[in-house]
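Structure first, commentary second.
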Amino acid sequence: NVLPYEQADPFLLAQDELDSLSTSIREDLLGMDHPVLNKAASYFFEDSASGKKVRPMIVLLLSRALADACTERGTDSVDIPLFTPPLAWQRKDLPRAQRRLAEISEIIHTASLFHDDVIDEAETRRGLPAVHTIFGSKVAILAGDYLLARASISLARLRNPEVIESMSLIIEHLVRGEIMQIRGSSGDQKRARLVHYLRKNFYKTASLMANSCKSVAILGSYPSEMVMASYEYGKHVGIAFQLVDDILDFEGNLSQLGKPALSDLKAGLSTAPVLFASSEFPELELLMDRKFKEDGDVERAVEYVFDSNGLRRTKELARVHAELAMEAALSLESSIYRDALVHLAHKVVSRTN
Ligand code: FPP
Ligand code: MG
Ligand code: MG
Numbered sequence: 119n120v121l122p123y124e125q126a127d128p129f130l131l132a133q134d135e136l137d138s139l140s141t142s143i144r145e146d147l148l149g150m151d152h153p154v155l156n157k158a159a160s161y162f163f164e165d166s167a168s169g170k171k172v173r174p175m176i177v178l179l180l181s182r183a184l185a186d187a188c189t190e191r192g193t194d195s196v197d198i199p200l201f202t203p204p205l206a207w208q209r210k211d212l213p214r215a216q217r218r219l220a221e222i223s224e225i226i227h228t229a230s231l232f233h234d235d236v237i238d239e240a241e242t243r244r245g246l247p248a249v250h251t252i253f254g255s256k257v258a259i260l261a262g263d264y265l266l267a268r269a270s271i272s273l274a275r276l277r278n279p280e281v282i283e284s285m286s287l288i289i290e291h292l293v294r295g296e297i298m299q300i301r302g303s304s305g306d307q308k309r310a311r312l313v314h315y316l317r318k319n320f321y322k323t324a325s326l327m328a329n330s331c332k333s334v335a336i337l338g339s340y341p342s343e344m345v346m347a348s349y350e351y352g353k354h355v356g357i358a359f360q361l362v363d364d365i366l367d368f369e370g371n372l373s374q375l376g377k378p379a380l381s382d383l384k385a386g387l388s389t390a391p392v393l394f395a396s397s398e399f400p401e402l403e404l405l406m407d408r409k410f411k412e413d414g415d416v417e418r419a420v421e422y423v424f425d426s427n428g429l430r431r432t433k434e435l436a437r438v439h440a441e442l443a444m445e446a447a448l449s450l451e452s453s454i455y456r457d458a459l460v461h462l463a464h465k466v467v468s469r470t471n
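Mapping of the sequence shown onto the UniProt record's numbering: position 24 corresponds to residue 142, and the numbering continues sequentially without gaps.
Encoded structure:
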C-alpha cells in the first residue's frame with residue numbers, strides 16, 4: 119500500500135548534495151583572517167552541529183523537480199526503480215547558482231539563530247552550547263552579521279536583481295517576525311491573537327522557505343506559474359513546520375529536541391496550542407495577558423492545553439498547510455524530485471524533532 123510519493127525519499131535524494139553543503143559554506147567563510155570571527159561564524163557548519171538542513175534540502179529538491187518538470191514531461195515516477203539515484207542527480211549538473219542559493223538560505227537561517235539565541239538567552243542549540251555561551255553575546259551578534267554579509271556577497275554574485283530582492287525580503291521578514299513576537303499582539307480579541315500569531319509565523323519561518331523556493335524558480339527562468347507554485351510550496355511547508363515546532367514545544371523533550379521543551383510558555387509566548395485551548399478555557403486569557411509570569415502559570419497553562427483540543431487542532435492546521443504544499447508541488451510535472459517534495463511535506467507534519 120505504498121503511495122507513489124512515499125517511494126521518493128527526500129533525505130536520500132538530497133543526501134550527497136547536502137553532505138558537501140557545510141564544507142562548501144565553511145570554505146566560503148574561511149577566507150577571513152580573524153580567528154574568533156571565523157570560529158564563531160563556522161560554529162554551526164561543523165558536521166557535529168549542522169542540523170537538519172531542511173531549507174537547503176527543499177531548495178535542492180525543488181531545483182531538480184523544476185528541471186525535470188521541463189525536460190521529462192510524461193515521466194511516471196512510479197516506473198522509477200526504488201532507491202536508485204536518478205541519472206540527472208548523478209551527473210552533478212545541478213546549476214551552481216541554485217546550489218549557491220541553497221547555501222545562502224542556510225547561512226541566513228544560521229545568522230538568525232545566532233541572534234535568536236542571544237535574544238532568547240537560550241543556553242543550548244542542536245544539543246550543543248549556543249554560540250553566545252561560548253564566544254559571548256557581542257561576538258555572537260557580530261558573527262551573525264558577518265554571515266549576513268557573506269550571504270549578501272554570494273547573493274550579489276548571482277547577478278539576478280529579482281532574486282536579490284526576494285532573498286533580502288527574507289531578512290526583513292525575520293526581523294519583522296521577531297519584533298512582532300517581542301511586542302506581542304495588540305488586540306485582546308482571541309481572533310486578533312491568532313491572526314497575529316499566524317502572521318508572525320509566516321515572517322519568522324515561512325518567508326525564508328517561500329522566498330528561497332521562489333528564488334530558485336526565478337533563477338531557472340521558469341514560467342510564472344512554476345514560480346508561484348514554488349513560492350506556495352515553500353510558504354505552506356514553512357507554516358506547517360512552525361506549527362509542528364510549536365506542538366513539539368509541548369510534546370518534545372530535551373534529548374529529542376536538543377533544547378528544553380515548554381520554552382515558549384516560559385518565554386511568555388502564546389502559540390497555537392494555547393490559543394486554541396483558550397477558546398475552551400477562557401481562564402487562559404488572563405495567563406496569556408500576564409505572559410505566564412506568576413508562580414504556577416506555566417504549569418496551569420500546560421494542564422489547560424492538555425485538557426483541551428489545542429494540540430489536536432494545531433496538528434489539523436499543520437496538516438492543512440502540508441496538504442496545500444503538496445497541492446503546489448503536484449502542480450509540477452511528475453518526477454521523482456516532485457514526489458520527494460510531496461513526501462517532505464508529509465514528513466514535516468509527522469516529525470518528532
Ligand atoms: C527561532 O525561533 C528564530 C527565528 C526563526 C528567527 C529569529 C530572527 C531574528 C532573531 C531576527 C534577526 C534576523 C537575522 C537574519 C539576523 P524560536 O526562538 O521561536 O525557536 P527556537 O526554539 O529554535 O529558538
Ligand atoms: Mg529561540
Ligand atoms: Mg526566538
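Ideal Cβ positions, reconstructed from N, Cα and C, are used throughout, including at glycine.
Exercise for the section: Within its chain, find whatever has a CB closer than 7 angstroms to the CB of residue 173; leave out the 5 residues flanking it on each side and keep chain order. Expected result: 223, 224, 227, 326, 327, 330
Exercise for the section: Helix, strand or coil for residue 243, going by three-state DSSP, please let me know. Expected result: strand
Problem - residue 127 beta carbon less than 8 angstroms from that of residue 439 - result: no
Exercise for the section: Give every residue of the same chain whose Cβ lies closer than 6 angstroms to the Cβ of residue 444, excluding the five residues on either side of it in the sequence, and list them in chain order. Expected result: 460, 463
Practice task
Report yes if the C-beta distance between residue 275 and residue 298 is below 8 angstroms; otherwise report no.
Solution key: No.
Practice task
Please say whether residue 402 and residue 395 have beta carbons closer to each other than 8 angstroms?
Solution key: yes
Practice task
For residue 334, decide whether its Cβ has a neighbour in chain D, counting only Cβ atoms nearer than 8 angstroms.
Solution key: Reference to chain D is not applicable here, since this structure consists of a single protein chain.
Practice task
Give a yes or no on whether the C-beta atoms belonging to residue 399 and residue 373 are separated by under 8 angstroms.
Solution key: no
Exercise for the section: Name the residue from 250, 234, 213 whose alpha carbon lies nearest to the alpha carbon of residue 181. Expected result: 213
Practice task
Verify the contact flag: residue 364, CB atom, against every heavy atom of ligand 2, threshold strictly below 7 angstroms.
Solution key: no
Problem - Cut-off 7 angstroms between Cβ atoms - residues of its own chain near residue 205, not counting five sequence neighbours on either side - result: With a pLDDT of only 38 at residue 205, under the threshold of 50, the placement of this residue in the model should not be trusted; the figure read from the coordinates follows. Around residue 205: no qualifying Cβ.
Handout entry: Proximity below 8 angstroms, CB of residue 342 to CB of residue 332
Key = no
Practice task
Quick one: measure Cβ to Cβ for residue 147 and residue 159, integer angstroms, because I've assumed they're closer than 8 angstroms.
Solution key: 5 angstroms
Practice task
Please classify residue 253: does DSSP put it in a helix, a strand, or coil?
Solution key: Residue 253: helix per DSSP, three-state reduction.
Practice task
Flag residue 248 as yes when its Cβ comes closer than 7 angstroms to any non-hydrogen atom of ligand 2, and as no otherwise.
Solution key: no
Problem - Same chain only: Cβ atoms within 8 angstroms of residue 272, ignoring 5 sequence neighbours per side - result: So the qualifying residues of the chain are 146, 218, 221, 222, 225.
Exercise for the section: Rounded to whole angstroms, what's the CA-CA distance from residue 384 to residue 237? Just pull it up for me. Expected result: Looking at the two C-alpha atoms, the distance is approximately 14 angstroms.
Exercise for the section: Output the residue ranges of the alpha helix (DSSP H) runs that lie fully inside the segment 286-327 and measure 4 residues or longer, sorted by chain position. Expected result: 308-319
Practice task
May I ask you to report which of helix, strand or coil DSSP gives residue 410?
Solution key: coil
Exercise for the section: Counting only the same chain and skipping the five closest in sequence on each side, list residues whose C-beta sits under 7 angstroms from that of residue 469. Expected result: Answer for residue 469: 362, listed in chain order.
Handout entry: DSSP-derived helix/strand/coil call for residue 402
Key = helix
Practice task
Identify whether residue 340 lies in helix, strand or coil by the three-state DSSP scheme.
Solution key: Residue state, collapsed to three classes: coil.
Exercise for the section: Excluding the 5 residues preceding and the 5 following residue 154 in the sequence, name in chain order all residues of the same chain whose CB lies nearer than 8 angstroms to its CB. Expected result: Its chain contains 253, 257 as the residues whose beta carbon lies nearer than 8 angstroms to that of residue 154, once the 5 sequence neighbours on both sides are disregarded; these appear in chain order.
Practice task
Check each candidate in 353, 335, 162 and name the one with the smallest Cα separation from residue 278.
Solution key: Per the Cα distances, 335.
Handout entry: Nearest-angstrom beta carbon gap, residue 176 and residue 163 [assumed within contact, 8 angstroms]
Key = Incorrect: roughly 18 angstroms between the Cβ atoms, too far for contact.
Practice task
Output the distance between the C-alpha atoms of residue 183 and residue 408, rounded to the nearest integer angstrom.
Solution key: 47 angstroms
Handout entry: Element boundaries [alpha helix (DSSP H), containing residue 171]
Key = Careful: residue 171 lies outside any alpha helix (DSSP H) and carries neither H nor E.
Practice task
Ignore the nearest five residues each way along the sequence and tell me which others in residue 432's own chain have a CB closer than 7 angstroms to its CB.
Solution key: If you ignore the 5 residues before and after residue 432, its C-beta comes within less than 7 angstroms of the C-beta of 361, 364, 365, 390, 391, 394, all in its own chain and listed in chain order.
Handout entry: Exposure of residue 300, with buried meaning 16 or more beta-carbon neighbours within 10 Å
Key = exposed
Problem - For residue 464, three-class secondary structure by DSSP - result: Helix, per DSSP.
Problem - Span separating the alpha-carbon of residue 414 from that of residue 231 - result: Between residue 414 and residue 231, the C-alpha separation is close to 29 angstroms.
Handout entry: Alpha-carbon to alpha-carbon, residue 457 and residue 124
Key = 8 angstroms
Handout entry: Check whether residue 248 and residue 240 have beta carbons under 8 angstroms apart
Key = yes
Problem - Whole-angstrom C-beta distance between residue 379 and residue 371, which should lie under 8 angstroms - result: A Cβ-Cβ separation of about 5 angstroms places residue 371 in contact with residue 379 under the 8 angstroms criterion.
Problem - Through-space distance from residue 138 to residue 246, alpha-carbon basis - result: 22 angstroms
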